[in-house]
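Let me begin by presenting the structure, written as structure tokens, before commenting on it.
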Amino acid sequence: MVRDKVLFSFKAFVETLERADKVVLITDHTVESLYGKEFIASLGRGDLPLFSFAPGEASKVRKTRDALEDFLVDSGADRKTVLIALGGGVVTDLVGFVASTYMRGIAYVSVPTTLMAMADAAIGGKTAINHPLVKNLLGAIYPPEAVYIDKIFLNSLSAKEKMGGWLEMIKISLVLKESLFTKIEKGEASLETILKEAILLKKKVVREDPYDKGVRLLLNFGHTWAHALEALYKFTISHGEALQVGLLAESYHSYRSGIFPLEALERVIALIERFNEPFLSLENIDPHLLYKEMERDKKGINSIPRVIMLEKIGRGIYNRPLSFDDVKETLAWLQSGLLQNSAQ
Ligand code: NAD
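First residue of the sequence shown? That's 1 in my numbering, and the numbers climb one at a time after it.
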């Protein structure tokens, strides 16, 4: 079977489950209350073992992983069992990681219910949980059998939650394809069109570099900052909120280092400003503490943080070292509210 298929048809999705003796559904409480019963009924397999946990990043931890593993043992899950991850990126990351080690690896399928998970988290097989100090420290590259995407789930998602998905698609466009950025900028193409294009681009990169040694690193754009902020805020902020800052900060690094033109930076700022969500408060952030988090980031080399930079919209370059001064200056730029004004 070809793994990691992206399916838009429910029938095709159900067919991928046919060889499974047993399926176990894993979700969070919010998604369970919104879709659990209906989703289980639609599978036509009668009652399924269901494991559900508290929503949010605070659950992407060893405790939830342990509880899920205990649940799988109790419910008799074996090598032929297929896990279904129904939820946002927290659910798909966690389930994928558990699937990668349970009995040395069992199959799972993902049904992403947030735009973030449809556009990014569920695609490409990166799975992980957080260490209390470091985001996504414990993980594996372990693709699902299939990812089933149904945009109906987006109807119950708040604008704030959708923002994270849009930002990941903007990220993909910034490092890989200017025409996608322009499409998002113009606001004329449907969400479905943008989503499909972003998924195809990501899949192409993952096919070329599944283990994140080369071109796939580009998809980390914005994430050195985002992951450090999430750790600094002790995982109480959303990935989308952190990424909003991360995309601006790493675009600004590119501009400061003289390789990314001011007009391009202004286009990035203008597009990100359109998300009319309160910007994460950076007022009390100490650059030393922020840099310390970055030193722990797994993308760093010899404790020197690394970032992706932009040469132009649509072309990223990878693995540039980031100094404390870079971070201090960029933080000062963000803190001075240049976001509201201009990049001058
Ligand atoms: P999430 O799973 O926490 O979902 C966000 C919130 O939306 C949760 O409260 C959830 O209960 C709720 N929710 C989910 N679906 C809903 C729906 N249809 N309607 C209403 N509410 C719904 O987080 P997320 O934003 O989906 O994903 C963020 C996570 O994904 C982070 O942990 C991030 O690190 C990870 N991620 C992973 C990758 C990867 O390549 N593996 C890529 C990007 C992000």
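Even for Gly, the Cβ is constructed at its ideal location relative to N, Cα and C.
Apart from sequence neighbours up to five positions away, the residues of its chain that approach L48 with a beta-carbon distance below 7 Å are V23, V24, L25 and I40, ordered along the chain. With contacts defined as CB atoms closer than 7 Å, G87 and T127 fail to qualify as a contacting pair. Between the C-alpha atoms of S179 and K234 there is a straight-line separation of about 36 Å. Ranked by how close their Cα comes to the Cα of H227, the residues R45, E241 and V111 have E241 in first place. Leaving aside the five residues that flank E208 on each side, the residues in its chain whose CB is nearer than 6 Å to its CB run, in chain order, V215. Here DSSP, grouped into helix, strand and coil, assigns A242 to helix. The beta carbon of M116 sits closer than 7 Å to the beta carbons of G88, G89, G164, G165, E168, H239 and G240 from its chain, once the five residues preceding and following it are set aside; these are given in chain order.
Within the same chain, and ignoring the five residues on either side of L282 in sequence, the residues whose Cβ sits closer than 6 Å to its Cβ are L334 and Q335. Within the segment 215-270, the runs of alpha helix (DSSP H) that reach at least 4 residues and sit entirely inside it are, in chain order, 223-232 and 239-256. Comparing C-alpha distances from T64 to each of L50, L43, S33 and V98 shows the shortest one belongs to V98.
Per DSSP, the unbroken beta strand (DSSP E) holding E311 starts and ends at R306 to K312. Comparing alpha carbon positions, the residue from D70, T330 and V147 closest to L290 is T330. In this structure, A121 has its beta carbon less than 6 Å from a heavy atom of the ligand NAD. The three-state secondary structure of P112, taken from DSSP, is strand. Under DSSP, G139 forms a beta bridge with A128.
With a threshold of 16 other beta carbon atoms within 10 Å, G258 falls short and is exposed. A straight line joining the alpha-carbon of A119 with that of L229 spans about 22 Å. CA-CA distance, A77 to F71, rounds to 9 Å. In this structure, T92 and P55 do not form a Cβ contact; the two beta carbons are roughly 13 Å apart against a cut-off of 8 Å. For R45, the closest of K37, R320 and Y211 by C-alpha to C-alpha distance is K37.
The beta carbon of H131 sits no closer than 6 Å to any heavy atom of the ligand NAD. Contact check for E293 against S303 fails: the beta carbons are separated by 7 Å or more. Rounded to whole angstroms, the Cβ separation of R306 and K299 is 5 Å, and the two are in contact under 8 Å. Less than 7 Å separates the beta-carbon of E250 from that of F221. Within its own chain, the residues whose Cβ lies closer than 8 Å to the Cβ of F260, once the five positions on either side in sequence are excluded, are S251, S254, M309, L310, E311 and K312, listed in chain order. In the three-state reduction of the DSSP assignment, S323 falls in the coil class.
Measuring C-alpha to C-alpha distances from L195 to each of V73, L322 and D150 identifies D150 as the nearest.
Assigned with DSSP and collapsed to three states, I152 falls in helix.
Between the alpha carbons of V61 and E15 lies a distance of about 32 Å. For H288, the Cβ stays outside the 6 Å cut-off from all heavy atoms of the ligand NAD. With respect to the C-alpha of D325, the residue from H288, Y318 and R315 having the closest C-alpha is H288.
D21 and A122 have their C-alpha atoms spaced approximately 24 Å apart. Of the heavy atoms belonging to the ligand NAD, none sits nearer than 6 Å to the Cβ of G222.
Taken from the Cβ of L72, every heavy atom of the ligand NAD lies 6 Å or farther away. With respect to the 7 Å criterion, Y142 and S100 are classified as neighbours on the basis of their beta carbons.
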